[in-house]
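Add 11 to the 1-based position in the sequence shown for our numbering, that's all there is to it. All C-beta atoms, glycine included, are put in the ideal place defined by N, C-alpha and C. A quick write-up on the structure given underneath.
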Amino acid sequence: MRRVKRFVLSCLMYVLALPALADIKIQEVTSEGGITAWLVEDHSIPFTAVELRFRGGTSLDMPGKRGAVNLMTGLLEEGAGELQAQDYARALENLAASMGYDADRDTVSISAQFLSENRAEAVELMRMTLQEPRFDQDALDRVRAQVIAGLRSEEKDPNDIANRAFSETVFGDHPYGTSGRGNLDSVAELTRQDIFDAYEAVFARDRLYVGVVGDITPEALGEMLDTLLLDLPAEGGVIPGEASVTLDEGIQIIDYDTPQSVALFGQPGLDREDPRFFAAFILNQILGGGSFDSRLMTEVREKRGLTYGVYSYLVPRDLAAVYMGSFASANEKMAEAVDVVRSEWSRIASEGVTAEELQDAKTYLTGAYPLRFDGNGRIASILAGMQIDGLPLTYVETRNDKVNAVTLDEANAVAAELYDPSRLQFVIVGRPEGISSTQ
């Protein structure tokens with residue numbers, strides 16, 4: 012309880028330097044060409060942040076081409092139009108602008124930040140990135156080598172090994188079942204044409220979401236949207252169907268010579284649209300959501316000293332929802348740690364949570380929420396994410412109300428429905444003692 016109060020006090024002190032959530036006014040802007048964006052207009056500093064999200068992400072990889080979307084995304088900063096890689100980087104530096112590129116299972120993102128005085132030039136660089144990527148062979152070879160080096164490193168990392176095994180077990184042949192970064196063989200075989208094919212699958216208007224924050228009017232934003240995006244194809248590659256989640260009670264042990272084993276565990280989760288989601292969100296905070304006061308941290312770390320940290324987290328992806336957790340423990344302590352996690356999973360299902368736990372979790376979650384809005388770039392990212400999740404313009408204002416509206420009876424009813432020890436599966440990488448695979 013004292014930790015929660017200290018955290019909330021620090022939140023309140025920090026929030027004094029942030030805009031009040033009520034002051035974040037989101038406008039929906041539609042360009043003459045029909046492209047929609049969400050805008051938070053702020054003319055206090057001559058600076059603008061833009062977040063572009065394209066739904067589909069690495070799940071759009073064609074069969075046998077795993078890693079193509081990830082590699083393509085890494086090549087976006089390697090030149091566009093008439094500018095080769097070094098010239099492109101120099102142009103961004105001269106403008107004091109920045110652009111970031113990322114790909115995950117569900118989205119490809121482009122994040123840009125620039126000064127108002129350089130808006131036209133920065134937007135032109137973004138336009139070239141989106142519409143005239145070069146994908147030069149020398150750049151492809153260089154970035155491919157970087158990706159392969161990362162994949163080789165992942166093959167020796169127990170956490171990465173566990174993640175790969177868990178995904179394969181849960182999602183099977185679905186793109187979620189393998190790493191979006193590909194594997195050594197698939198990445199080595201990708202051609203320049205494969206990269207162009209991935210580009211055409213990703214960048215289309217039918218899967219586009221835009222968040223903008225800063226020194227720009229709705230009228231100027233409309234013009235910018237058409238300049239940047241109107242010439243993109245109307246439709247991109249086919250997004251795969253929903254993934255089947257295969258999770259049953261059991262343990263999979265992957266032998267690896269290390270004094271400390273790594274464990275991932277999980278069961279089926281809830282979609283973001285599920286009416287029980289906010290209750291599940293609060294319950295997860297109580298069970299293992301990252302606080303030192305969580306039940307898992309208390310039972311596994313504080314009382315028994317079995318780990319430095321244990322966490323649980325809801326993972327509501329676009330095409331499947333799982334509920335996961337992770338921890339590491341010495342080989343001789345892993346069996347006991349697994350038993351404690353199982354016990355706490357069963358206890359919250361059968362006993363629910365207390366009124367004090369519920370209120371502490373609400374206090375923590377509502378106090379932490381304003382801290383997310385700590386800059387134009389972060390807010391632009393939130394705006395794009397809200398659109399992808401199907402949330403309304405008013406969500407920022409009402410989110411904490413939704414958290415506070417969850418009653419104890421509702422939370423405990425959801426706990427009984429959600430937590431399913433019979434489907435809680437563990438993947439352990441290491442040489443744990445006193446425990447063996449059941450699969």
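Beta-carbon gap between residue i and residue j smaller than 8 Å
i	j	result
residue 85	residue 154	yes
residue 223	residue 391	yes
residue 138	residue 238	yes
residue 388	residue 124	yes
residue 209	residue 265	no
residue 180	residue 438	yes
residue 63	residue 127	no
residue 272	residue 375	no
residue 34	residue 66	no
Per-residue DSSP class, three states only, for residue i
i	result
residue 335	strand
residue 182	helix
residue 329	coil
residue 40	strand
residue 430	coil
residue 190	coil
residue 417	coil
residue 446	coil
residue 73	coil
residue 177	helix
residue 18	With a pLDDT of 42 at residue 18, under the threshold of 50, the modelled position of this residue cannot be trusted, and the question is left open.
Identity of the residues DSSP links to residue i by a beta bridge
i	result
residue 64	120, 220
residue 59	125, 225
residue 341	271
residue 144	91
residue 438	263, 275
residue 111	122
residue 321	338
Boundaries of the alpha helix (DSSP H) in which residue i is found, first to last residue
i	result
residue 360	345–362
residue 451	Here the chain covers residues 12 to 450 and nothing more, so residue 451 does not appear.
residue 47	Where residue 47 is concerned, there is no enclosing alpha helix (DSSP H), although the beta strand (DSSP E) it sits in stretches over 47–52.
residue 80	79–86
residue 206	203–213
residue 392	387–399
residue 299	288–299
residue 305	Residue 305 -> no alpha helix (DSSP H), and no H or E assigned at all.
residue 196	195–199
residue 103	96–105
Residue i, buried or exposed, once every other Cβ within 10 Å from all chains shown has been counted against 16
i	result
residue 355	buried
residue 16	Any reading at residue 16 must be qualified, since the residue scores a pLDDT of 42, below 50, and its modelled position is unreliable; no value is offered.
residue 189	buried
residue 346	buried
residue 174	buried
residue 286	exposed
residue 449	exposed
residue 57	exposed
residue 6	The question about residue 6 has no answer here: the residues shown for the chain are numbered 12 through 450.
residue 381	buried
residue 23	Unreliable placement is indicated for residue 23, whose pLDDT of 38 sits below 50; no coordinate value is reported for it.
residue 433	exposed
residue 436	buried
residue 105	exposed
residue 441	buried
residue 340	buried
Contact test: residue i Cβ vs the ligand ADP heavy atom, cutoff 7 Å
i	result
residue 79	Summarising the ligand content, the structure contains no ligands, and the ligand ADP is consequently not present.
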